[in-house]
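Following: one structure in structure tokens, then a few remarks.
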Amino acid sequence: NAGVTQTPKFQVLKTGQSMTLQCAQDMNHEYMSWYRQDPGMGLRLIHYSVGAGITDQGEVPNGYNVSRSTTEDFPLRLLSAAPSQTSVYFCASSYQSGHTDTQYFGPGTRLTVL
Amino acid sequence: QQPVQSPQAVILREGEDAVINCSSSKALYSVHWYRQKHGEAPVFLMILLKGGEQKGHEKISASFNEKKQQSSLYLTASQLSYSGTYFCGTEEGYALNFGKGTSLLVTP
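Sequence lines, in order, name chains A and B. The working numbering puts the first residue of the first sequence at -6, with every later residue one more than the last. The working numbering puts the first residue of the second sequence at 392, with every later residue one more than the last.
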């Protein structure tokens, strides 16, 4: 198993550009989440999904969109990038609900918005 | 809402003990603990569930006081490999909200 994979590893955008961060898992996990990590702020929840077709907002959802068309994939879209979105983004998945089961994290995407 | 962790940072000598605390303003069903090494993804350590069930790392212990909405992670006889940032997580919908982290450095 590859586990949780994320692409790209690094990305530089200009303000106003859009892009999609990819996340995929091959463990047949129903629950997937996106977090951003900023220095001194810990991991903050952006969006999560409890299965294909079902998503919900986390603590910091503004400026981000998600969809879940398959169990394996959970892409995160930045519609119009802003410097405040410079961060490291982690995707995580779990077999059962994220608050009762182990979360497996991907390696992260480091995003810089100029 | 993010849980609150204390202390923010700890420096230990190898073999010493440490306690990391986590508290929440709302009632909890579970508390999670993860460790992150610099430049890497967080890695699961332990889950503590309401009612006393625990899942996780055999060499690490933790407590969960449901009434006080608090958890503590106990690192005993620390090893160099324990260095990293420790995060506690509490439920947010069907995902987790993490604290800001506690940086732990174990020196020889």
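Glycine is no exception: its CB is placed at the ideal position from the N, C-alpha and C atoms. Quick caveat, the model's predicted, so the values are computed rather than measured.
*Excluding five sequence neighbours on each side, which residues of the same chain lie with their C-beta closer than 8 Å to the C-beta of aspartate 66 of chain A?*
Here residue 66 of chain A is taken as the residue at index 73 of the first sequence, counted from 1. The residues are Gln15, Cys16 and Ala17.
*Is the Cβ of threonine 8 of chain A closer than 8 Å to any Cβ of chain B?*
Against the first sequence, residue 8 of chain A aligns to sequence position 15. Taking Cβ atoms only, chain B never reaches closer than 8 Å to threonine 8 of chain A, which makes this a no.
*asked:* Taking DSSP's pairing of strands, which residues face leucine 38 of chain A in a bridge?
replied: To locate residue 38 of chain A, count along the first sequence from 1; it is residue 45. Leucine 38 of chain A pairs with A:Tyr28.
_Counting C-beta neighbours from all protein chains within 10 Å, is the total for proline 1 of chain A 16 or more, i.e. buried, or is it exposed?_
Position 8 of the first sequence, counting from 1, holds the residue named residue 1 of chain A. Its Cβ having fewer than 16 others within 10 Å, proline 1 of chain A is exposed.
*Hey, leucine 495 of chain B and histidine 423 of chain B: beta-carbon distance below 8 Å or not?*
The residue labelled residue 495 of chain B in the question sits at position 104 within the second sequence. The residue labelled residue 423 of chain B in the question sits at position 32 within the second sequence. Not a contact, by the Cβ cut-off of 8 Å.
*asked:* Considering Cα atoms alone, identify which of A:Gly33, A:Ser62, A:Gln78 and A:Pro68 is closest to asparagine 55 of chain A.
replied: Here the question's residue 55 of chain A lines up with position 62 in the first sequence. Here the closest residue by C-alpha is A:Gln78.
*Could you tell me if the beta carbon of glutamine 30 of chain A falls within a distance shorter than 7 Å of some heavy atom in the ligand ADP?*
As presented, the structure is devoid of all ligands, the ligand ADP included, so that no description of it is given.
*asked:* Please return the same chain residues whose Cβ sits closer than 8 Å to the Cβ of leucine 38 of chain A, not counting the five positions on each side in sequence.
replied: To locate residue 38 of chain A, count along the first sequence from 1; it is residue 45. Here the set comprises Ser26, Trp27, Tyr28, Gly51, Glu52 and Val53.
*Check the Cβ of methionine 34 of chain A against every Cβ in chain B and list those closer than 7 Å, keeping chain order.*
Position 41 of the first sequence, counted from the start, is the residue given in the question as residue 34 of chain A. Within chain B, the residues near methionine 34 of chain A are Lys491.
*Could you give the distance in angstroms between the alpha-carbon of tyrosine 88 of chain A and the alpha-carbon of alanine 400 of chain B?*
Translated into positions along the first sequence, residue 88 of chain A becomes position 95. Translated into positions along the second sequence, residue 400 of chain B becomes position 9. Each residue's Cα considered, the two are about 32 Å apart.
*Measure the beta-carbon distance from threonine -2 of chain A to glycine 101 of chain A and round it to whole angstroms, keeping in mind my assumption that it falls under 8 Å.*
Here residue -2 of chain A refers to the residue found at position 5 when the first sequence is read from its first residue. Here residue 101 of chain A refers to the residue found at position 108 when the first sequence is read from its first residue. So it is not a contact: roughly 11 Å between Cβ atoms.
*Could you tell me the distance, in whole angstroms, from the CA atom of alanine 45 of chain A to the CA atom of arginine 61 of chain A?*
By one-based count along the first sequence, residue 45 of chain A stands at place 52. By one-based count along the first sequence, residue 61 of chain A stands at place 68. Those two C-alpha atoms are separated by around 5 Å.
_Residues of the stretch 92 to 107 of chain A whose Cβ lies closer than 7 Å to any Cβ of chain B, in chain order_ = The stretch 92 to 107 of chain A vs chain B, Cβ under 7 Å: His92, Thr93, Thr95, Gln96, Phe98, Gly99, Pro100 and Gly101.
*When you compare only the Cα positions, how much space is there between glutamine 392 of chain B and lysine 441 of chain B?*
As a position in the second sequence, residue 392 of chain B is number 1, starting the count at 1. As a position in the second sequence, residue 441 of chain B is number 50, starting the count at 1. Answer to the nearest angstrom: the Cα atoms are 19 Å apart.
_Residue of B:Ile402, B:Arg404, B:Glu405 and B:Lys428 minimising C-alpha distance to tyrosine 477 of chain B_ = Looking up residue 477 of chain B in the second sequence gives position 86. Comparing Cα positions, the closest option is B:Lys428.
*asked:* Based on DSSP bridge pairs, tell me the residues matched to threonine 493 of chain B.
replied: Position 102 of the second sequence holds residue 493 of chain B. The beta-bridge partner set that DSSP reports for threonine 493 of chain B consists of B:Tyr477.
*Using 8 Å as the limit for Cβ to Cβ distance, is glycine 51 of chain A near chain B?*
Working through the first sequence from its first residue, we reach residue 51 of chain A at position 58. Interface residue, yes.
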